[in-house]
Amino acid sequence: MMSRKLRHLNLLMCGTIFAIGLSGCHKKTAIAPPPMTDTSAMEGPLPTATLSADPLAIDLGQSVVLNWRTTNATNVTIDGIGPVAANGTQNVTPSTSTNFHLIATNAAGKTAEANVRVTVRVPTAPMAPTGTSADMGSDADFHANVQDVFFDYDSYDLTGNAPTTIAHAAAYLASHPAIRIVIGGYCDERGSAEYNLALGENRANAAKNGLVQAGVSPNRIRVISYGKEKQFCTEQTEACYQQNRRAQFNLDR
Amino acid sequence: MRKRFLTSLALAITFFALHAKAQDQVQTGIREGVTLIRLAAANFKPMGGNAAAFKATFDAVLANDLQNAGIFDMVSKSLQPSGTPGAPSEMNVSQWSAEPANAAFVAFGAIGLQGGRVVVNGWLFDTHNIQYPQVIGKQYTDVPNENAVRQIAHKFADEIIVRLGGGIAGIAETKIYYVAKHGANKEIWVMDYDGANQHALTSLGSVSISPRVSPDNSRVAFSSLGREGFQIRMFSLLLNRMVAFPTISGTNLSPAWSSQGQLAFSSSRTGDPEIWVSDMNGAGMRRVTSFRGPDVSPTWNPKTGSQIAWISGRTGLPQLYIMDADGAAVQRMTDGGYATSPSWSPNGQFLTFAWDRKYGPGAPGGQDIYIMEVASKRWIQLTHDTGRCDFPSWSPDGRHIVYAVQGRGRSEIWTMLADGTQRHKLADNGDMPNWSWK
Numbered sequence: 000m001m002s003r004k005l006r007h008l009n010l011l012m013c014g015t016i017f018a019i020g021l022s023g024c025h026k027k028t029a030i031a032p033p034p035m036t037d038t039s040a041m042e043g044p045l046p047t048a049t050l051s052a053d054p055l056a057i058d059l060g061q062s063v064v065l066n067w068r069t070t071n072a073t074n075v076t077i078d079g080i081g082p083v084a085a086n087g088t089q090n091v092t093p094s095t096s097t098n099f100h101l102i103a104t105n106a107a108g109k110t111a112e113a114n115v116r117v118t119v120r121v122p123t124a125p126m127a128p129t130g131t132s133a134d135m136g137s138d139a140d141f142h143a144n145v146q147d148v149f150f151d152y153d154s155y156d157l158t159g160n161a162p163t164t165i166a167h168a169a170a171y172l173a174s175h176p177a178i179r180i181v182i183g184g185y186c187d188e189r190g191s192a193e194y195n196l197a198l199g200e201n202r203a204n205a206a207k208n209g210l211v212q213a214g215v216s217p218n219r220i221r222v223i224s225y226g227k228e229k230q231f232c233t234e235q236t237e238a239c240y241q242q243n244r245r246a247q248f249n250l251d252r
Numbered sequence: 000m001r002k003r004f005l006t007s008l009a010l011a012i013t014f015f016a017l018h019a020k021a022q023d024q025v026q027t028g029i030r031e032g033v034t035l036i037r038l039a040a041a042n043f044k045p046m047g048g049n050a051a052a053f054k055a056t057f058d059a060v061l062a063n064d065l066q067n068a069g070i071f072d073m074v075s076k077s078l079q080p081s082g083t084p085g086a087p088s089e090m091n092v093s094q095w096s097a098e099p100a101n102a103a104f105v106a107f108g109a110i111g112l113q114g115g116r117v118v119v120n121g122w123l124f125d126t127h128n129i130q131y132p133q134v135i136g137k138q139y140t141d142v143p144n145e146n147a148v149r150q151i152a153h154k155f156a157d158e159i160i161v162r163l164g165g166g167i168a169g170i171a172e173t174k175i176y177y178v179a180k181h182g183a184n185k186e187i188w189v190m191d192y193d194g195a196n197q198h199a200l201t202s203l204g205s206v207s208i209s210p211r212v213s214p215d216n217s218r219v220a221f222s223s224l225g226r227e228g229f230q231i232r233m234f235s236l237l238l239n240r241m242v243a244f245p246t247i248s249g250t251n252l253s254p255a256w257s258s259q260g261q262l263a264f265s266s267s268r269t270g271d272p273e274i275w276v277s278d279m280n281g282a283g284m285r286r287v288t289s290f291r292g293p294d295v296s297p298t299w300n301p302k303t304g305s306q307i308a309w310i311s312g313r314t315g316l317p318q319l320y321i322m323d324a325d326g327a328a329v330q331r332m333t334d335g336g337y338a339t340s341p342s343w344s345p346n347g348q349f350l351t352f353a354w355d356r357k358y359g360p361g362a363p364g365g366q367d368i369y370i371m372e373v374a375s376k377r378w379i380q381l382t383h384d385t386g387r388c389d390f391p392s393w394s395p396d397g398r399h400i401v402y403a404v405q406g407r408g409r410s411e412i413w414t415m416l417a418d419g420t421q422r423h424k425l426a427d428n429g430d431m432p433n434w435s436w437k
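If you read the protein sequences in the order shown, they are chains A and B. Taken in order, the first sequence gives residues 0 to 252; the numbers are from numbering that gives the first Met the number 0. Taken in order, the second sequence gives residues 0 to 437; the numbers are from numbering that gives the first Met the number 0.
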């Protein structure tokens, strides 16, 4: 669970950095060379402006502090906020990723601009069953709907709430026909390595068979047994053993 | 329960003791009534060149090999006559047969450097045959390095062992293939039978397990985790690189060589792990088991090549079974508990395996090494309270068993005589040992 969350976070961070990188590039190309005129002397000093946001990336619903400084400006506006003071800070709560654009104008009508992009991480809602989507959807969405199934000690039978979990997973997979999955079979650290790999195979296949019986095409499912070679939890407690005795579903990208 | 255990143990001991006498030195569990040969290994005499370091290595390795053989009562160096005979002319056998050495045989000789090569002259004398005492006289020469000297000592030890040990070849030149864990990766390693010369064979950067060396020492089959799960992989010891083996769907595990060079392994291509048999290149695959549940860890009867023992979970907890190589005549061998990792003795009479007789949540059971006589299903326990033992593998002389001891997140390799005595550690980081066939 931890590692999956971390992976998710990593993906998002990568995305954010990528987005920031893009906007930075964009800004660079948009800046015009400074005008080589001497009219500035007659029309007063040119305005300057800076705009920053902290933090640059937020989850949906969180707020971000905008902070701006201008000089020589008589009129300062920020798109979407309106006229503001020459220097100031303001809390904003954007619902989508937003480019905040500040324009500072002096008495002579000369302007300076500043930009900052705030990235908003929006959890993707479950997609409506379209039946034609070529998209596998997000990992978070997948894991929310297709959850690990756990097994009894030295068993590969689907018991307890495993059938319910499998049925829910099958429904999600039916509504997302582009998704291919890989099922990992895992065992606790007791017992022998070779036998546990065979047992893990039986566990992963039990989960696969459950999905196939619920109408999921076997061609969409790949099975790998990890036995006790990739332990998820390493304490020697029954709670930990139980977490290791599982079939885990992942998108097969 | 305890009474039944004691009764069966007593039966087993009686059986093995009787059997051991009839069997000409083959260790079968209990050594009572078998007289060990009193043997002295003299320090070798330096001759020519500065071979002091090599001489120390040679003396230590030779004495260790003879001690490990399990068929000698070695004369302590402190009880040996003073003086170092370096040639037959310097040997007075009556000194060695007298108290306190009391040796029946004495190994002696000389080691030196000649013309840039290390030269060893070795003799074995029968101290009770005054007129013609020489049993063995050998000269060895090789490049002057530590490892070559070790190999010479192994060769000389094996000469002595085969001559005095009922014609069964010694194991001093054999290798042990095993798994070494480094971080999250497991690679296939190899070492000399005495734990020296440990080095890696593979560097696949994955989880590679279950190494099994072919009877002719040309290949090592193992199982390795790839994108498609665990697959059988093949390393050529002649080419010193990986060679092709077919990728099959499903999880493919625990390859085992027959004495004729066939492979048996577990494959789940049908959705259920079963035992399959193929030739050494993976051709002609056929399934030999078909029961729901895990079937894994096959081992061939090395004597006949026509039977396979393996582990099956068809009735619940894994149990030890044997069958003919075509899948007929299935017999269950263990009566409960959790049995894994069988290895069949070279003479075909015994199975060794790891067994936890009281396995289960909260059960006090420990996993130990056992041997079982195939014909009678009688068994004896070889390890007691030494940690969680697994993966026993017979030496080719049938006198030794190498195995893994696991605990606290690490695994060590230990060896012992097949009666559970002379236990000692071979490797600090090792798992799944497999003893070469020669």
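Even for Gly, the Cβ is constructed at its ideal location relative to N, Cα and C. Remember, it's a predicted structure, so these values are computed and weren't measured experimentally.
Residue i versus residue j - alpha carbon distance
{"i": "B:PRO293", "j": "A:ALA203", "result": "12 Å"}
{"i": "B:PRO245", "j": "B:PRO254", "result": "13 Å"}
{"i": "B:VAL134", "j": "B:PHE155", "result": "13 Å"}
{"i": "B:SER81", "j": "B:PHE234", "result": "50 Å"}
{"i": "A:ILE165", "j": "A:LYS227", "result": "23 Å"}
{"i": "B:GLY408", "j": "B:ALA103", "result": "47 Å"}
{"i": "B:HIS181", "j": "B:TRP122", "result": "44 Å"}
{"i": "A:LEU157", "j": "A:ASN249", "result": "19 Å"}
{"i": "A:HIS167", "j": "B:ARG232", "result": "38 Å"}
{"i": "B:SER248", "j": "A:TYR225", "result": "15 Å"}
{"i": "B:ASP323", "j": "B:PRO297", "result": "12 Å"}
{"i": "B:GLY315", "j": "B:PRO391", "result": "23 Å"}
Residue i at chain B interface by Cβ criterion, 8 Å
{"i": "A:ILE223", "result": "yes"}
{"i": "A:LEU198", "result": "yes"}
{"i": "A:ASN243", "result": "no"}
{"i": "A:GLU237", "result": "yes"}
{"i": "A:GLU234", "result": "no"}
{"i": "A:ASN201", "result": "yes"}
{"i": "A:GLU112", "result": "no"}
CB contact below 8 Å: residue i versus chain A
{"i": "B:ALA21", "result": "For B:ALA21, the predicted model reports a pLDDT of 40, less than 50, meaning its position is unreliable and no value from the coordinates is stated."}
{"i": "B:LEU236", "result": "no"}
{"i": "B:SER392", "result": "no"}
{"i": "B:PHE229", "result": "yes"}
{"i": "B:ASP367", "result": "no"}
{"i": "B:SER213", "result": "no"}
{"i": "B:SER397", "result": "Checking the sequence, you will find Gly at residue 397 of chain B rather than Ser. No, B:GLY397 lies away from the interface with chain A (no Cβ there is under 8 Å from its Cβ)."}
{"i": "B:ALA195", "result": "no"}
{"i": "B:THR83", "result": "no"}
{"i": "B:SER202", "result": "no"}
{"i": "B:ALA353", "result": "yes"}
{"i": "B:SER253", "result": "yes"}
{"i": "B:SER265", "result": "yes"}
Neighbouring residues, chain A, relative to residue i (Cβ below 7 Å)
{"i": "B:TYR176", "result": "Going along chain A, no residue has its Cβ under 7 Å from B:TYR176, so there is no contact; the nearest lies around 15 Å."}
{"i": "B:ILE208", "result": "ALA192"}
{"i": "B:GLY270", "result": "ASN204"}
{"i": "B:ALA308", "result": "Going along chain A, no residue has its Cβ under 7 Å from B:ALA308, so there is no contact; the nearest lies around 13 Å."}
For residue i, the residue or residues it bridges with in DSSP
{"i": "A:ASP53", "result": "A:VAL64"}
{"i": "A:VAL260", "result": "Missing from the structure shown is residue 260 of chain A; chain A here goes from 0 to 252 and no further."}
{"i": "B:CYS388", "result": "B:VAL404"}
{"i": "B:TYR369", "result": "B:PHE352 and B:GLN380"}
{"i": "B:PRO363", "result": "For B:PRO363, which the question treats as bridged, DSSP gives no partner whatsoever."}
Beta-carbon neighbours of residue i, restricted to chain B and to distances below 9 Å
{"i": "A:ASP153", "result": "GLY312, GLY315, LEU316, PRO317, TYR337, TYR358 and GLY359"}
Own chain partners of residue i with C-beta closer than 6 Å, once the 5 adjacent residues on each side are dropped
{"i": "B:GLN405", "result": "ARG387"}
{"i": "B:GLY281", "result": "PHE244 and PRO245"}
{"i": "A:ALA48", "result": "THR69, LEU101, ALA103, ALA111 and ALA113"}
{"i": "A:LEU50", "result": "TRP67, LEU101, ALA113 and VAL115"}
{"i": "A:SER191", "result": "none"}
Spatial neighbours of residue i in its chain, beta-carbon cut-off 7 Å, leaving aside the 5 residues before and after
{"i": "B:SER205", "result": "ASN184, SER223, LEU224 and GLY225"}
{"i": "A:VAL181", "result": "ARG221, ILE223, ASN249 and ASP251"}
{"i": "B:LEU17", "result": "The predicted model places B:LEU17 with a pLDDT of 42, which falls under 50 and marks its position as unreliable, so this point remains unresolved."}
{"i": "B:ASP427", "result": "GLU411"}
Listed by chain order, chain A residues near residue i by CB distance under 9 Å
{"i": "B:VAL219", "result": "Residues of chain A passing the Cβ test: none, with the nearest at roughly 16 Å."}
{"i": "B:THR250", "result": "GLY184, LEU196, ALA197, GLY199, GLU200, ALA203, VAL222, ILE223, SER224 and GLY226"}
{"i": "B:ASP427", "result": "By Cβ distance, chain A contributes nothing, its closest Cβ being about 19 Å from B:ASP427, past 9 Å."}
Cβ shell of residue i (< 8 Å), same chain only, five flanking positions each side left out
{"i": "A:THR28", "result": "Unreliable positioning characterises A:THR28 in this predicted model, as indicated by a pLDDT of 46, which lies under 50. The coordinate reading is nonetheless provided below. Excluding residues within five positions, none has a Cβ falling inside 8 Å."}
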